[in-house]
Amino acid sequence: MSDSADSLREQRKRETSRALTDAARRLTTEQGFAGFTIEELCAEVGVSRRTFFNYFESKENAVFGFATIDSRQEALEEDFASQHGDLLDDFIQLTIRRFELFNPVEDAPAMFAVIEQEPRLLKAAFEQLAKNERRDMGLIVRRTGDDADAELRAEVIVHTVGALVRMSMDQLLHHQSTEPFSDLIARRLDLARSLYAPSQKDH
Numbered sequence: 057m058s059d060s061a062d063s064l065r066e067q068r069k070r071e072t073s074r075a076l077t078d079a080a081r082r083l084t085t086e087q088g089f090a091g092f093t094i095e096e097l098c099a100e101v102g103v104s105r106r107t108f109f110n111y112f113e114s115k116e117n118a119v120f121g122f123a124t125i126d127s128r129q130e131a132l133e134e135d136f137a138s139q140h141g142d143l144l145d146d147f148i149q150l151t152i153r154r155f156e157l158f159n160p161v162e163d164a165p166a167m168f169a170v171i172e173q174e175p176r177l178l179k180a181a182f183e184q185l186a187k188n189e190r191r192d193m194g195l196i197v198r199r200t201g202d203d204a205d206a207e208l209r210a211e212v213i214v215h216t217v218g219a220l221v222r223m224s225m226d227q228l229l230h231h232q233s234t235e236p237f238s239d240l241i242a243r244r245l246d247l248a249r250s251l252y253a254p255s256q257k258d259h
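Residues in the sequence shown are numbered from 57 upward in steps of one, following our numbering.
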């Protein structure tokens, strides 16, 4: 398959994924989350149930837009796994590139509206976020090797960067910051490093 044909196929997949999420959110708004089935959602978009599960693991994930792994994201993760630079810097860059790829700020108002209407969906959102964190921990362990501290190191990195992401997102969503996400998170990483750096004082 040529690169152009493969690119077109990937674009169509992303369009189908977007259409399923848009329809799922609209149906949730109109009928409530329990008011429609996956089959009815598929009928709205014109795809089969089997096709739906190629894109999403559950109806909840369709509403949130948590699609199964995107080929572009896979490429970013493979690139990260093969790098040999500073681990934290490289993971921050992976986080920035994911943000640029999916830009969650654009999607946030729709997600917040759905959660406000259907608070029980919040549990599913947290479960998916935890799953994503475990995936990232596995990716870091794969890169560093499975030494005695590998899992703990991965956990610390993922949760530290996660906190920096939340702080940066708060600036974008609630303080209308015009600063790019990459600058927001880089500045907070620099400050965190200065706080956690060993003291230079004489003992």
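Here a beta-carbon is modelled for each residue, glycine too, at the ideal position from N, C-alpha and C.
How far does the alpha helix (DSSP H) with residue i in it extend, from its first residue to its last?
{"i": "residue 226", "result": "206-230"}
{"i": "residue 151", "result": "143-158"}
{"i": "residue 24", "result": "Any answer about residue 24 is impossible in this case: the structure gives the chain only from 57 up to 259."}
{"i": "residue 130", "result": "127-138"}
{"i": "residue 246", "result": "237-252"}
Thinking C-alpha only, which one of the options is nearest residue i?
{"i": "residue 186", "options": "94, 68, 245 and 211", "result": "211"}
{"i": "residue 230", "options": "213, 252, 161 and 67", "result": "161"}
{"i": "residue 216", "options": "193, 227, 203 and 232", "result": "193"}
{"i": "residue 151", "options": "168, 87, 82 and 219", "result": "219"}
{"i": "residue 30", "options": "240, 134 and 170", "result": "Because the chain spans 57 through 259 in this model, residue 30 falls outside it and cannot be assessed."}
{"i": "residue 115", "options": "204, 76 and 70", "result": "76"}
{"i": "residue 131", "options": "148, 175, 154 and 181", "result": "154"}
{"i": "residue 181", "options": "113, 214 and 213", "result": "113"}
{"i": "residue 195", "options": "86, 109, 202 and 137", "result": "137"}
{"i": "residue 159", "options": "105, 143 and 221", "result": "221"}
{"i": "residue 50", "options": "65, 81, 68 and 63", "result": "In this structure the chain extends from 57 to 259, so residue 50 is not present and cannot be described."}
Given a threshold of 16 other Cβ atoms within 10 Å of its Cβ, counted over all protein chains shown, does residue i qualify as buried or as exposed?
{"i": "residue 259", "result": "Low local confidence applies: a pLDDT of 46 at residue 259 is under 50, so the model's placement there is unreliable, and no value is given."}
{"i": "residue 93", "result": "exposed"}
{"i": "residue 262", "result": "Residue 262 lies beyond the range of the chain shown here (57 to 259); nothing can be said about it."}
{"i": "residue 293", "result": "Because the chain here runs from 57 to 259, residue 293 falls outside it and cannot be looked at."}
{"i": "residue 73", "result": "buried"}
{"i": "residue 97", "result": "buried"}
{"i": "residue 117", "result": "buried"}
{"i": "residue 84", "result": "buried"}
{"i": "residue 102", "result": "exposed"}
{"i": "residue 125", "result": "exposed"}
{"i": "residue 35", "result": "Limits of the chain in this structure are 57 at one end and 259 at the other, which puts residue 35 out of reach."}
{"i": "residue 224", "result": "buried"}
{"i": "residue 252", "result": "exposed"}
{"i": "residue 123", "result": "buried"}
{"i": "residue 71", "result": "exposed"}
* Asked: What are the complete alpha helix (DSSP H) segments, minimum 4 residues, inside the segment 95-123?
  -> Correct list: 105-111 and 115-120.
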